[in-house]
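First the structure, in the form of structure tokens, and then the observations on it.
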Amino acid sequence: MSALSNDNFSRRSLFRAAAGMAAAGTLAACGSNNGRGGSGGSGTQLVQYFHAYGEAGTEQAIKRYAAAYKKAGVSTNWITGNNFEAKLFSALLTKQAPDVFEFHPQLQMVKSGQVADLSDLIDPVKDDFNPNDIKSHTVDGKIYGIRMIDDPQFFYYRKSMLEKAKVEVPTTLDELLDAAAKLTTDKVKGVFLGNDFTAIQNNLIFSAGAETLDANNKIGYHTDGVVEGLKKLRTLFTSGHVLLDAPTDFWDPSALNQGLCAIQWGGMWSMPAMQKALGDDLGIFPFPKIGSAGKLSVYNGGWSIFVNAKGKNVDAAKEYVKWLWIDQKKYQEDWALSYGFHIPPRTSTAQSATKLKSGLPAEAVKLFTDYGHFDNIGFDQVMITAFNDVIASSVRKNGNPEAALDACDKKVNVELKKLFG
Amino acid sequence: MSTTTTRGVAQPAPAKASQARPRRGLRGNPTLNFWLFTGPFLIGLVIFVFVPIVWSVWLSFFDARYTVTPSNFIGLDNYKQILTNSNFPDSLLTFSVFAAFIVPTTWALSLGLALLVNQLRFMRAFFRSVFFLPTAVSYVAAALIWKMSIFSGVRFGLMNTVLGWFGVDNIAYLADPTPPWYWLVIVTLRLWIQSGFYMILFLAALQNIPAELYEAAAIDGAKKGWQTFRYITLPQLRATSTAVILLLLIAAYQAFDEFFNIIGTKATWAQTPLMELYKAALGTNQDYGAGSAGAVILSLLICLVTLIQGKFMGFGRGDESK
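Residue numbers (the numbering used here), protein chains in the order written: chain A, 28 to 448; chain B, -17 to 304.
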């Protein structure tokens, strides 16, 4: 009997102990290393969302900056995987929405009141920003985001491979097709344009002498030059000279570093990793001209920081954003140049960055300056997705480019009507 | 006396124990037990299934861009948009064809595996586990293995390595839709993951068929093999087959994980209905009204297909119940 009682007591004690430990563990987890910095558990708590950058050290850097902020606790949600946008936008609908998040300038976010007006933060230093970055974040005179990094995209190539095949750096799309053919061997493909070709869709438009939207916010991409470019890209796609189904996409330097291709489309962020792997056997060139009206182009990607206008701590979030992305120039330079290479959007920071003053980085800056194209805030995600379908239908599948563009026009016009009336 | 003595000693003790320690909690109150065990699940079901369904139907009649609490009623405009100005109708057509192929194929393969395993005289548990284990693998993990290891388009992908031994050039299974090798990738993955689960269902049904039926058939002169299978086994599996086909049909229309990870959303082929809805609502487009309208259409379609299937095959009706 007593033994039985002891067993009961023991079971209950164990249960209580386990429950206690679970509760203690949960509390401990709350206080563990979650990126929360500044004032820690007291005062205003801000949440910021970042997509996972590929370059080593970036997550630690963002958390380090946040920890240095003393006026509020800032936790970082570092979102891995390829659905950052889905997680961000679904979170923005909830009470657990981030106060601060990175994204690209898009008009529908302004129209729907998702992002706060940051003009008062930027105006005092507006002249120190790249004017194109200011323009791409401005709606009706108000600035809705702060550019953190500019990411020009261009072709990387192995100098030795081009020399061996006696190939000049291509300046037209026809020359790129010829180069890809000459550079292809049984082990190496001539060129890698990303696994689904959508990485170059903006350059297809710009290099054909067109724009996504014209000055009146009407369709600007549906031109003869773009149709010609689509047809040529289809020829390239079926030529057998393009690397397809690579294990990683254009944003990763592996395809060129591992010798899978001689020319790879990529971003400036990949430059340090490529230089480390290939040394001086590395060159860059802009996207070649398409058609008679064509011109060389460099698409400027990049990321901007926004404040959730519907968040609980808008003022505190704006203060934090100002502190980090306006006042802390040392962090901005560290963020742009210590991991991958990016161009700081602040002119003064870019000009003082010694890493960008010579060699290939300096060449990249020059390409960016001479041929750079920036996002049009009115060409939103619905339109980008519609143009993805054009690439899929007429380049990867043998569809009629005119028909694909017509289908795209239909979707884009509906969206333009919603945005501009 | 001795009986009385025995009764006097033996019987009061349990009575005393019963009065002293009435049964409590889990052992004493069936109603409490019911709510204790089913309550949390019912609450979860209401919160995470029924409320979203009702909310989704409501959203489908509103202009719900960038919000899930809209105020602008627009009637059937979202239905019109999703059916006329999106790729959703194409995806429904594609996946009706996909369902027409994958459902009978999986049914046949899982039934075949069940028959094989059922015939085994030794190591039956081993083979049952071997065929069932893939069910435990997530579609995402399997999709990445299929995409990056087995069907990678570069020369060190497993399939391309094997083909290379025979002098065949590298094939881009996923980037190039012509010819549509991507179906090979997706169908093999789906068969690998799904068949084991349905094999277990068939195996259970096979083991429930009375041996007397086969003995009677043998006495009547039925030959073993096809004749027995055609006239004894298959009719006895009717209820299980109906359930399996129903589950397979729903799974085909609800396909998402492996397509999302293998094909991606930047294609105009092999886009499942759920991927189109994901692009409309949960991706960056944030049009929850159009996405909800598509979800309502898809749900109605699944109900319709299920009812048609039920009409032809009967819901859970075996030969024995006729």
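Note that beta-carbon positions come from the ideal geometry of N, C-alpha and C, so glycine has one too.
### Query
Got a sec: is the Cβ-Cβ distance from tyrosine 61 of chain B to anything in chain A below 9 angstroms?
no
### Task
Determine, using beta carbons only, whether leucine 289 of chain B comes closer than 9 angstroms to chain A.
no
### Query
Using 8 angstroms as the Cβ pair cut-off and three pairs as the minimum, do the region 227 to 242 of chain A and the region 323 to 336 of chain A touch?
yes
#### Entry: Residue from B:Phe138, B:Thr117 and B:Ser78 with nearest C-alpha to glutamine 236 of chain B
B:Ser78
### Query
Among all the DSSP beta bridges, which residues are the ones paired with serine 324 of chain A?
A:Phe314
### Message
Below 8 angstroms on the Cβ atoms is my contact criterion, and I expect serine 163 of chain A with aspartate 402 of chain A to pass it. Report the Cβ-Cβ distance as a whole number of Å.
### Response
5 angstroms
### Query
With 9 angstroms set as the bound, which would you pick, yes or no: does the beta-carbon of arginine 220 of chain B sit closer than that to a beta-carbon of chain A?
no
### Query
Listed from N- to C-terminal order along the chain, which residues in the region 216 to 230 of chain A have their beta-carbon within a distance smaller than 7 angstroms of any beta-carbon of chain B?
Asn222, Asp223 and Thr225
### Message
Could you compute how far the alpha carbon of leucine 75 of chain B sits from the alpha carbon of leucine 219 of chain B?
### Response
30 angstroms
### Message
In this structure, how does DSSP classify methionine 175 of chain A when only helix, strand and coil are distinguished?
### Response
strand
### Task
Would you mind sorting alanine 49 of chain A into buried or exposed? The rule is 16 or more other CB atoms within 10 Å of its CB.
Low confidence applies here, because alanine 49 of chain A scores a pLDDT of 42, under 50, leaving its location unreliable; read the following figure in that light. With fewer than 16 Cβ atoms within 10 Å of its Cβ, alanine 49 of chain A is classed as exposed.
### Query
Cβ of phenylalanine 264 of chain A less than 9 angstroms from any chain B Cβ?
yes
#### Entry: Interface flag, phenylalanine 30 of chain B vs chain A, CB-CB below 9 angstroms
no
### Query
Between proline 274 of chain A and chain B, is there a C-beta pair that is closer than 9 angstroms?
yes
### Query
Across which residues does DSSP place serine 102 of chain A in a beta bridge pair?
A:Val74
### Query
What does tyrosine 112 of chain A reach in chain B if we use C-beta pairs closer than 7 angstroms?
Residue 112 of chain A is actually glutamate in this sequence, not tyrosine. By Cβ distance, chain B contributes Gly265 and Thr266.
### Cβ contact check for the region 142 to 159 of chain A and the region 261 to 281 of chain B: 3 or more pairs under 8 angstroms
no
### Task
Answer with buried or exposed for glutamate 194 of chain B, where buried requires no fewer than 16 other C-beta atoms within 10 angstroms of its C-beta.
exposed
### Task
Grab me the residues of tryptophan 296 of chain A's own chain with a C-beta within less than 7 angstroms of its C-beta, minus the 5 sequence neighbours each way, in chain order.
Glu82, Asp178, Gly367, Phe368 and His369
### Task
Tell me whether the beta-carbon of isoleucine 170 of chain A lies closer than 9 angstroms to the beta-carbon of isoleucine 161 of chain A.
yes
### Cutoff 9 angstroms: phenylalanine 159 of chain B Cβ touching any chain A Cβ
This sequence places proline at residue 159 of chain B; phenylalanine is not what is there. So, interface residue.
### Query
What is the residue span of the alpha helix (DSSP H) that glycine 94 of chain B lies within?
70 to 101
### Query
Given that a residue counts as buried once 16 or more other Cβ atoms are within 10 Å of its Cβ, and exposed if not, what is phenylalanine 30 of chain B?
exposed
### Task
Using a Cβ cut-off of 9 angstroms (strictly closer), state whether leucine 156 of chain B contacts chain A.
yes
### Task
Could you tell me which of B:Asn54, B:Gly21, B:Pro22 and B:Phe23 sits nearest to tyrosine 270 of chain B, measuring between CA atoms?
B:Asn54
### Query
Whose C-alpha, out of A:Val101, A:Gly448, A:Asn109 and A:Asp150, is nearest the C-alpha of phenylalanine 128 of chain A?
A:Val101
### Task
List the residues of chain C that asparagine 67 of chain B touches, going by C-beta distances under 7 angstroms, in chain order.
Looking for chain C here will not work: the only protein chains present are A and B.
#### Entry: Within-9 angstroms CB hit, tryptophan 251 of chain B to chain A
yes
### Query
Just by C-beta distance, which residues in the region 223 to 250 of chain B are closer than 7 angstroms to chain A?
Gly246, Lys248, Ala249 and Thr250
### Message
Between which two residues does the beta strand (DSSP E) holding valine 334 of chain A run?
### Response
330 to 334
### Query
Quick one: what's got a C-beta closer than 8 angstroms to phenylalanine 219 of chain A's C-beta in the same chain, skipping five residues either side?
Val269, Leu270, Ala273, Phe277, Ala282, Leu283, Leu287, Cys288, Ile290, Gln291 and Trp292
### DSSP state of leucine 286 of chain B mapped onto helix, strand, coil
helix
### Buried or exposed (CB count within 10 angstroms, at least 16 for buried), proline 22 of chain B
exposed
### Message
Using 8 angstroms as the cut-off, can you tell me whether the region 259 to 268 of chain A makes contact with the region 200 to 220 of chain A, which would need three or more C-beta pairs spanning the two stretches below that distance?
### Response
yes
### Task
Quickly, what does DSSP pair glutamine 180 of chain A with across the bridge? List them, please.
A:Gly294 and A:Tyr326
### Task
Please report how far the alpha carbon of proline 371 of chain A lies from the alpha carbon of glutamine 268 of chain B, in whole angstroms.
31 angstroms
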